[in-house]
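Be aware that the sequence shown starts at 823, since it is given in the numbering used here, and climbs by one per residue.
Ideal Cβ placement from N, Cα and C applies to all residues, glycine included.
The structure displayed is predicted, hence computed values, not measured ones.
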Amino acid sequence: MPDIERPDGAVIHYETFGEGFPLLCFAPGGVNSELDFWSGSASNPLTEFAPDFMVIGMDQRNAGQSPAPAAPAPYDVVVADQIAVLDDLGIERAHTFGGCIGVAFILRIAEEVPDRIASGVGQDPVGLNHTNSVDTFMDMFKPTLALAREEGVGAVVESAMANRVFMANNAAGPFARRIHDDAAFRDEIGAMSADAYVDLIERYADAIWPDRPPYFSVDEAFVRSCETPLLILPGSDVFHPTSIAEQICRDAPNAHCLDVDCRSEAKLPDTIEAVRSFLKEHTP
């Protein structure tokens, strides 16, 4: 279970499963994308594809076991962490599999370092269109901002100590797990003024959910020119609109969408095999 240190002091945790051509996975969970979240998915790529590939799961910075500075994590920084994992393993090229925000990561890798990505499987892609707005995503930060303004940062710390899972306890803020688990980090956050904490969270939110429709991490023009083979498993809620998945598959020249119900109990076995076949087809 290796860890790698990044230039800014962040420590990125990753784990590998199986052998073969590498498959780098980015978990769902929004701002707290950590490999353990795959266990709640309809299928877990960390175990499902380990018989055929070297599957790599990682905790993004300030999620899971990847401590990092109390700072925004824009997409260029996150992608640099992900490529550092490949570099640490001596891997030149890999497939990718991402859920939720993980699809935004895949698109950004395909834009920044296309030579490092052989293909991408995107599950429940996030995005902005007529079905939602940037406020849909920013709303998750409002409880922690309100708590800091009304009761002080100490109340945020207390909330994180009570429940460290941000997606279940928005009042604790996106750094909830670090606050809960790391006494030094807890003291650092607790020493902030309300204004400083509010500024940090607003900058953090703007970095991860920028008002950049439809894909957050890249422009539409890039997707229309993206040559990376993509297999998309559509979402069906306000954060993961089906129409965002359909737009990726309409615009990207080498993208294909499965049915929106492809992970139903009846269709899941065939979907897993479709993903496996796609990955094998695009293995160099």
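Beta-carbon proximity list for residue i, same chain, < 6 angstroms, skipping 5 on both sides
i: S863; result: none
i: S1039; result: Y897, A926, L929, R930
i: A832; result: R883, A890
i: A977; result: L969
i: L1055; result: Q945, L1080, C1084
i: R1025; result: P894
i: W860; result: A849, N866, L868
i: N954; result: V1060
Nearest residue (CA-CA) to residue i, options the options
i: G924; options: A998, D1009, G1057, N1076; result: G1057
i: V979; options: M1014, R938, S1099, P947; result: M1014
i: R972; options: D1009, R999, Y1019, N866; result: One detail in the question is off: residue 972 reads as Glu in this sequence, not Arg. Of the listed residues, the one whose Cα sits closest to E972 is Y1019.
i: V1082; options: V853, L1053, V987; result: L1053
i: G949; options: A932, W1031, Y1037, A1088; result: Y1037
i: A1074; options: G942, T1093, F988; result: G942
i: T918; options: N992, P867, L1090; result: P867
i: L1090; options: C847, E870, A998, V987; result: E870
i: L1080; options: E1068, E1087, L857; result: E1068
i: S888; options: F843, D858, I1011, C922; result: D858
i: P850; options: S1099, A1029, M989; result: M989
i: N992; options: F1044, R1046, N854; result: N854
i: S1047; options: D909, R1072, P1063; result: R1072
i: V899; options: G886, H1104, A1029; result: A1029
i: S1065; options: L967, P1035, D903; result: P1035
Proximal residues to residue i (C-beta, below 7 angstroms), its chain only, five neighbours per side dropped
i: A1027; result: M960, F963
i: A872; result: F839, G840
i: P1106; result: R915, A940
i: V956; result: L950, W1031, D1033
Residue burial classification, residue i (beta-carbon count within 10 angstroms, cutoff 16)
i: M983; result: exposed
i: V1060; result: exposed
i: E1049; result: exposed
i: D1017; result: exposed
i: P936; result: exposed
i: N985; result: exposed
i: D946; result: buried
i: R1000; result: buried
i: E1095; result: exposed
i: H1002; result: buried
i: H952; result: exposed
i: P824; result: exposed
i: E933; result: buried
i: S981; result: buried
i: A1006; result: exposed
i: H1078; result: exposed
i: E856; result: buried
i: R938; result: buried
i: G912; result: exposed
i: D830; result: exposed
i: A994; result: buried
Coil, strand or helix - residue i by DSSP
i: C922; result: coil
i: Q904; result: helix
i: L950; result: coil
i: E1049; result: coil
i: E827; result: strand
i: H1002; result: helix
i: T1093; result: helix
i: T838; result: strand
i: V943; result: strand
i: I1054; result: strand
i: C1084; result: coil
i: M876; result: strand
i: S1065; result: helix
i: S888; result: strand
i: P850; result: coil
i: P844; result: strand
Own chain residues within Cβ distance below 8 angstroms of residue i, not counting five before or after
i: A906; result: I826, R828, I834
i: D874; result: G840, G842, R1098, L1101, K1102
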